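A.B. asks: Quick one: this structure, given as structure tokens, is what I'll be asking you about.
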Amino acid sequence: MQTETPSRLLQITDSDGLASVADAQAQEKPSVSELQSRVEHLEKELNAVRMKGKLISQELDLFRQRRVVFWSDRFRNTFDAWNLMNVGFQQLKDDSAIFCGSNTGFRLQPSLSLLRVPFLTYRIRLSKPRLTAILLAPVVDVPLTTGEVCLRIFSGSDCIATSTAAVSDISDNAPIRLDFPPIEDSHQHELILRVFVQGVDAPVRIFELRRYALSGFGRLSTRPFAGYIFAP
């Protein structure tokens, strides 16, 4: 009886192993039809992405054109957006007069970009207790999907309320709402509002009431263009 030598056994084992690997690779290797199917699927996905990109580009172009027309005068002292605001902002118009007094001499204009300043500050005195939300009217140059508009309310040096709203909620048709627990004594003392943004990479402004002294050459006075919600 012939006995296989160790070297001969090793050769047989290696040969069998290589054959097994080759068989496995052959089985895993996709066929031409499978590759063609994958290519067709990827082409469909690519075409869908291209079409979506085209639609987004068209929407951005329309958005920018509307903004260019709408804000072509925004850096002039004579610009006033009172008559351009959607009916959804009526409460802000009403509350600005109710709680801030006469708006004579003030114009409704967008603020400085909140990317350029740490925050905007407004002082208010309300005649009702239990303030629980504030409505603001931000405006953006391009649609934003990430980031927040933030509000902090101070009484003296104490922060008594904070709130945030997603920039994706900014609309031409309605204000954003910033909610917080009711401030029980909101009618008893002056409140300081600080508005700022976080996590955004494009300009965000908010509408505010502006009055320029000396025909635009003097000191600028500002008031918040805001609506106020009170808890029952």
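Quick note: to get our numbering, add 20 to the position in the sequence shown (first position is 1). Even for Gly, the Cβ is constructed at its ideal location relative to N, Cα and C. The model shown is predicted, which means the values in this text are computed figures rather than measured ones.
At what residues does the alpha helix (DSSP H) containing residue 218 begin and finish?
C.D. replies: Counting along the chain, residue 218 falls outside any alpha helix (DSSP H), though it belongs to the beta strand (DSSP E) covering 211–218.
A.B. asks: Taking contact to mean 3 or more Cβ pairs, one atom from each stretch, closer than 8 Å, check whether the stretch 168–185 and the stretch 108–117 are in contact.
C.D. replies: Cβ pair count under 8 Å is below three, so no.
A.B. asks: Residue 228 bridges to which residues according to DSSP?
C.D. replies: In DSSP, residue 228 forms a bridge with 129 and 244.
A.B. asks: What's the C-alpha gap between residue 130 and residue 205?
C.D. replies: For residue 130 and residue 205, the distance between alpha carbons rounds to 30 Å.
A.B. asks: Could you tell me the distance, in whole angstroms, from the CA atom of residue 116 to the CA atom of residue 138?
C.D. replies: Approximately 24 Å between the Cα atoms of the pair.
A.B. asks: Please name the residue in 106, 157, 147 and 128 whose C-alpha comes closest to that of residue 196.
C.D. replies: Selected option, being the one with the closest Cα: 157.
A.B. asks: Could you say if the stretch 144–164 and the stretch 183–193 meet the contact criterion of at least three C-beta pairs nearer than 8 Å?
C.D. replies: Counting Cβ pairs under 8 Å, three or more are found: they touch.
A.B. asks: Tell me which residues share the same chain as residue 140 and place their Cβ nearer than 6 Å to its Cβ, disregarding the 5 neighbours each side in the sequence.
C.D. replies: Same-chain partners within the cutoff: 131 and 215.
A.B. asks: So what does DSSP say about residue 190, is it helix, strand or coil?
C.D. replies: Three-state result, residue 190: coil.
A.B. asks: For residue 175 and residue 143, I'd like the C-alpha separation in whole angstroms.
C.D. replies: Cα to Cα, residue 175 sits roughly 10 Å from residue 143.
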